[in-house]
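Undergrad:
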Amino acid sequence: MTDCLFCKIIAGDIPSNNVYEDEQLYVFKDIDPKAQVHILVIPKIHIASLDDVTTEHQDLVATMMLKLPELARLQGLSDGFRTIINTGPGGGQEVGHLHMHILGGEDLPGFK
Ligand code: AMP
Ligand code: ZN
Numbered sequence: 002m003t004d005c006l007f008c009k010i011i012a013g014d015i016p017s018n019n020v021y022e023d024e025q026l027y028v029f030k031d032i033d034p035k036a037q038v039h040i041l042v043i044p045k046i047h048i049a050s051l052d053d054v055t056t057e058h059q060d061l062v063a064t065m066m067l068k069l070p071e072l073a074r075l076q077g078l079s080d081g082f083r084t085i086i087n088t089g090p091g092g093g094q095e096v097g098h099l100h101m102h103i104l105g106g107e108d109l110p111g112f113k
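As C-alpha cells, then:
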C-alpha cells in the first residue's frame with residue numbers, strides 16, 4: 002500500500018476531479034486552484050520528482066510535455082497557459098509524485 006497521495010488518487014482511493022486520463026497519464030483539477038484554470042498532469046507510474054527522472058522515462062516525460070497544449074485547450078485556454086514543475090523542498094514541491102501544473106485564465110497571478 003503506497004502512502005503517496007497522487008498514487009492513491011490514480012488508484013481511486015482518494016476522490017479527484019478527473020479531466021483526462023489515458024494509459025500513461027492522469028489529469029485532475031487542483032484542489033486549491035491558484036488561477037481560474039489549475040490542473041495537474043501526473044504520470045500513472047510513481048516518479049517522486051524531476052530529480053528522479055532518468056533516460057528510462059524520456060518517452061513518458063516527452064509524452065507529458067506534448068500533451069500540455071491539448072489539455073490546456075480542453076480547459077478553454079485558447080490563447081496560452083502557464084506550466085510549472087516544482088522540484089524538491091527548495092522548489093516548493095509539496096507532493097512527492099512528479100506533476101506538471103497547468104494554469105491559466107483571466108485571474109492568472111503575476112510571476113516574479
Ligand atoms: P506542489 O507544491 O508543486 O507539490 O503542488 C502540489 C499541488 O497539489 C498543490 O497545488 C495542491 O493544491 C495540490 N493538491 C494537494 N492535494 C490535492 C488533492 N487531494 N487533489 C487535488 N490537488 C491536490
Ligand atoms: Zn505516487
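For reference, each letter of the sequence shown is one residue, going 2 to 113 in our numbering.
We put the beta carbon where it would ideally sit given N, CA and C, even for glycine.
Looking at the unbroken beta strand (DSSP E) that takes in Lys35, where does it start and where does it end?
TA: Note, Lys35: premise wrong, no beta strand (DSSP E); not H, not E.
Undergrad: Residues in the same chain with beta-carbon distance under 8 Å from Thr64, minus the five sequence neighbours each way, listed in chain order, please.
TA: Around Thr64: Gln25, Leu26.
Undergrad: In chain order, what residues of the same chain have a beta carbon less than 7 Å from the beta carbon of Tyr21, not counting five sequence neighbours either side?
TA: So the qualifying residues of the chain are Val28, Leu72, Leu75.
Undergrad: Mind the definition here: the region 83–92 touches the region 44–52 only if three or more C-beta pairs lie below 8 Å; say whether that holds.
TA: The region 83–92 is in contact with the region 44–52.
Undergrad: Roughly how many whole angstroms lie between the Cα atoms of Gln94 and Gly111?
TA: Each residue's alpha carbon lies about 19 Å from the other.
Undergrad: Give the single residue among Met66, Val42, Asp60, Gln59 whose Cα lies nearest to the Cα of His100.
TA: Comparing Cα-Cα distances from His100 to each of Met66, Val42, Asp60, Gln59, the minimum goes to Val42.
Undergrad: Under the rule that 16 or more other beta-carbon atoms within 10 Å means buried, what is Gly13, buried or exposed?
TA: It counts as exposed.
Undergrad: Straight-line CA distance for Leu69 to Ile103?
TA: Their backbone Cα atoms lie some 8 Å apart in a straight line.
Undergrad: Would the beta-carbon of Phe7 fall within 8 Å of that of Val62?
TA: No; because the gap between Cβ atoms is not below 8 Å, this pair is not in contact.
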